[in-house]
Amino acid sequence: MVSAELSKQLNTEGGKMSLEVDLSIEKGSFTALYGRSGAGKTSVLRMLAGLMQPDVGEIFVDGDCWTDTSKNLAKSSRYRKVGFVFQDYALFPNMSVQENLEYALVKGQHKSSIDPLIEMMELGDLRSSLPATLSGGQQQRVALARALVQRPVLLLLDEPLSALDWQIRQKLQGYIKLVHDEYKLTTIMVSHDVSEIWRLSDFAYVLEKGKVIRQGSPAETLASKYGVYGVFDKIAEVISIDADRAMLLIDQQCHWFTRNQLEGEEPQPGDRVLLSPRNGGIHIERIA
Amino acid sequence: MHTILLTIDLGPLWLTFKLAIITTLLLFIAGIPLAYWLAYSRSKARFVVETLVSMPLVLPPTVIGFYLLIAFSPSGSFGIWLEQWLDLRLVFTFEGLVVGSIIYSLPFMVQPIRSGFVALPENLMEASDLLGKSRLTTLRYVLLPNIKSSLLTAAVLTFAHTIGEFGVVLMIGGSIPDVTKVASIAIYEEVESLNYATANDYSAILFVLTFLMLLLLNLSNGGYFKGLWKW
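Protein chains in written order, with this note's numbering: chain A, 1 to 288; chain B, 1001 to 1231.
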């Protein structure tokens, strides 16, 4: 269980902003922090990791106090046992994939304990490669594996897939879900990708200008009510679909549609579709 | 070149390189923590320290030499303290030349290393921190290996700059053969005595050696020796 009350004055591109956030995160859950750039998502994550201190606030993780400004207490990030995946991966350029993971080992931890991670992330052939020679997706897998070597209490992901293209992102979402489930982690992910949040998380906080404006399941917080106006030859992503309704992601906004609003091919979750108006409804055509 | 080496007194050259090697080694050891502090400290005192470190770049060497001469004078209180407690005399001695060279060449060691640290992405240090590693471990295994070219630049510039010292060493060391008479002073004295041929011999050796050193540095920074040194 993670509970945090955080308050901090931030300097953003748009001037000073007051961040006031209360979080209550269940152990083992996958929580997303969603919002536009500059909403304060990354600052919240950095405060949880101990890389930034709140002006006022407290953070408790499994009953352990990590931060309490009233007592002038701030546990060093070095001792928080947090796995952190940076947006730009932050792999050590001088070390190979294997060395990056070995560096993360704690005293007494055997080198072989990184083998299951290498296998899970399919990094076996890249053990001796330097980060600069890896693709973005491969670097992300190494960063994820490195963050897990010490079996962290919390896994914090700062827009982990934002620099990757759509197909690689979908594949890596699978890896993230796999490690979250396999290692029974409590994961907090910053993202502005609705489809990513929908696939991975079971709870979402929506931040705007430093405040939580909505919280709940992704369905409750991210989707608009049924339908969307002006759907003319739009490309959408199918988030979920059942007998009664479908959720489509259009222009980074989720929209519910009843099944009788839609006609055409039968899509699957994850498919990309072309929407066009036809016969008073919306025609769906799957695209590669 | 072989004939030159046989005809001139090699003492000043030997002394010059001994001074440059010792200065570079000592500054390398002291420069890394100082550059680290200047790069990462948020203390306001860093502005003062940074200014002091940069002073030798703009101050006439004779000014530094003059103040060192006054400070280390055996009749001054600091000079007396050094002699009584550390049995150390820094005026007109090789040890004094080393101290003067360290102060004079400080910016040439510290600035490139500091720039190297500053150019590294901040999150490398944060990532290491989050893995529970100490500052020293992070410095040794993450930061220093990623600023190798800055370290090499700093060492070569310090070495080359020490070879070229004149004002400071003349003020604090004078010109005692085999003790403080380095090559730059030998050249000056040979010219004053109108021995242009000998002055030219010393000058040519320094010219060629410093050219080669800087050429090797530039080749290294250009990636020509990539993979030759790894730690």
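Every residue, glycine too, gets a C-beta built ideally from N, C-alpha and C.
Cutting at 6 Å between CB atoms, please list the residues of its own chain near residue i, excluding the five before and the five after it.
{"i": "B/N1221", "result": "S1149"}
{"i": "B/P1012", "result": "K1181, V1182, A1183, A1186"}
{"i": "A/G278", "result": "Note on identity: in this sequence residue 278 of chain A is Arg, with Gly being the wrong assignment. None."}
{"i": "A/L275", "result": "V231, K234, A236, I282"}
{"i": "A/Q253", "result": "none"}
{"i": "A/Y205", "result": "L33, V212, Q215"}
{"i": "B/L1038", "result": "R1046, E1050, R1114"}
Go ahead and pull the three-state DSSP assignment for residue i.
{"i": "A/E20", "result": "strand"}
{"i": "B/T1158", "result": "helix"}
{"i": "A/K41", "result": "helix"}
{"i": "A/I365", "result": "Outside the displayed range of chain A (1 to 288) lies residue 365 of chain A, so it cannot be described from this structure."}
{"i": "A/Q139", "result": "helix"}
{"i": "A/M189", "result": "strand"}
{"i": "B/G1079", "result": "helix"}
{"i": "B/I1029", "result": "helix"}
{"i": "A/R199", "result": "helix"}
{"i": "B/V1058", "result": "helix"}
{"i": "B/F1225", "result": "coil"}
{"i": "A/K171", "result": "helix"}
{"i": "A/T12", "result": "strand"}
{"i": "A/V243", "result": "As written in the sequence, residue 243 of chain A is Ala, which differs from the Val given in the question. Of the three classes helix, strand and coil, the one that applies to A/A243 here is coil, per DSSP."}
{"i": "A/V149", "result": "coil"}
{"i": "A/V7", "result": "First, the residue type needs correcting, since residue 7 of chain A is Ser and not Val in the sequence shown. Strand."}
{"i": "A/E58", "result": "strand"}
{"i": "A/M1", "result": "coil"}
{"i": "A/L161", "result": "coil"}
{"i": "A/T31", "result": "strand"}
{"i": "A/D64", "result": "strand"}
{"i": "A/K177", "result": "helix"}
{"i": "A/I25", "result": "strand"}
{"i": "B/L1069", "result": "helix"}
{"i": "B/T1023", "result": "helix"}
{"i": "A/P131", "result": "helix"}
{"i": "A/E122", "result": "coil"}
{"i": "B/V1063", "result": "helix"}
{"i": "B/P1145", "result": "helix"}
Interface residues of chain A around residue i at Cβ under 8 Å?
{"i": "B/Y1040", "result": "Residues of chain A passing the Cβ test: none, with the nearest at roughly 14 Å."}
{"i": "B/P1121", "result": "D88, A90"}
{"i": "B/E1083", "result": "What B/E1083 touches in chain A: nothing, since even the nearest Cβ is about 46 Å away."}
Counting only Cβ pairs nearer than 7 Å, list the residues of chain A close to residue i.
{"i": "B/V1142", "result": "F92"}
{"i": "B/D1129", "result": "S77, R78"}
{"i": "B/N961", "result": "A query on residue 961 of chain B cannot be resolved here, the shown segment of chain B reaching from 1001 to 1231 and no further."}
{"i": "B/G1222", "result": "Under the 7 Å cutoff, chain A gives no residues; its nearest Cβ is about 17 Å from B/G1222."}
For residue i, collect the residues of the same chain with a Cβ closer than 8 Å to its Cβ; drop the 5 residues on either side in sequence, then sort them by chain order.
{"i": "A/Y229", "result": "Confidence at A/Y229 is low in this model, with a pLDDT of 46, below 50, so the placement of that residue is unreliable and no value is reported for it."}
{"i": "A/E208", "result": "G35, R36, A39"}
{"i": "A/G14", "result": "G38"}
{"i": "A/G137", "result": "L164, I168, K171, L172"}
What does residue i pair with, by DSSP beta-bridge criteria?
{"i": "A/T69", "result": "According to DSSP, which records beta bridges pairwise, A/T69 is partnered with nothing at all."}
{"i": "A/H283", "result": "A/E263, A/S276"}
{"i": "A/W166", "result": "DSSP lists no partner for A/W166."}
{"i": "B/F1117", "result": "Paired residues: none, contrary to the question."}
{"i": "A/W256", "result": "A/M247"}
{"i": "A/V206", "result": "A/Y34, A/R214"}
{"i": "A/V238", "result": "A/L248"}
{"i": "A/A74", "result": "A/T67"}
{"i": "A/V82", "result": "A/L154"}
Got a sec? Which residues, its chain only, sit under 7 Å from residue i by beta carbon, not counting five neighbours each side?
{"i": "A/K225", "result": "Residue placement at A/K225 is flagged as unreliable, the pLDDT there being 49, under the threshold of 50; the coordinate-derived value follows with that caveat. Once the five neighbours on either side are set aside, the close Cβ partners of A/K225 are W256."}
{"i": "B/G1031", "result": "M1109, V1110, I1113, A1154"}
For residue i, which residues in chain B fall below 7 Å Cβ to Cβ?
{"i": "A/M51", "result": "First, the amino acid is wrong: residue 51 of chain A is Leu here, not Met. The answer, in chain order, is E1126."}
{"i": "A/Y183", "result": "Chain B residues near A/Y183: none, gap ~16 Å exceeds 7 Å."}
{"i": "A/V56", "result": "Within 7 Å Cβ-Cβ: nothing; A/V56 doesn't reach chain B, min ~21 Å."}
Please list the partners that residue i has in chain A, where partner means a Cβ-to-Cβ separation under 9 Å.
{"i": "B/G1116", "result": "Chain A residues near B/G1116: none, gap ~13 Å exceeds 9 Å."}
Going along chain B, which residues have a C-beta under 8 Å from residue i?
{"i": "A/V106", "result": "G1132"}
Using a Cβ cut-off of 9 Å, pull out every chain B residue sitting near residue i, in sequence order please.
{"i": "A/F30", "result": "Those within 9 Å of A/F30 in chain B number zero; the least Cβ separation is about 20 Å."}
Quick check on the DSSP output: what are the complete beta strand (DSSP E) runs of length 3 or more inside the region 1162–1204 of chain B, in order along the chain? none
What residue ranges within the region 85–118 of chain A form continuous alpha helix (DSSP H) runs of no fewer than 4 residues, ordered along the chain? 97–103
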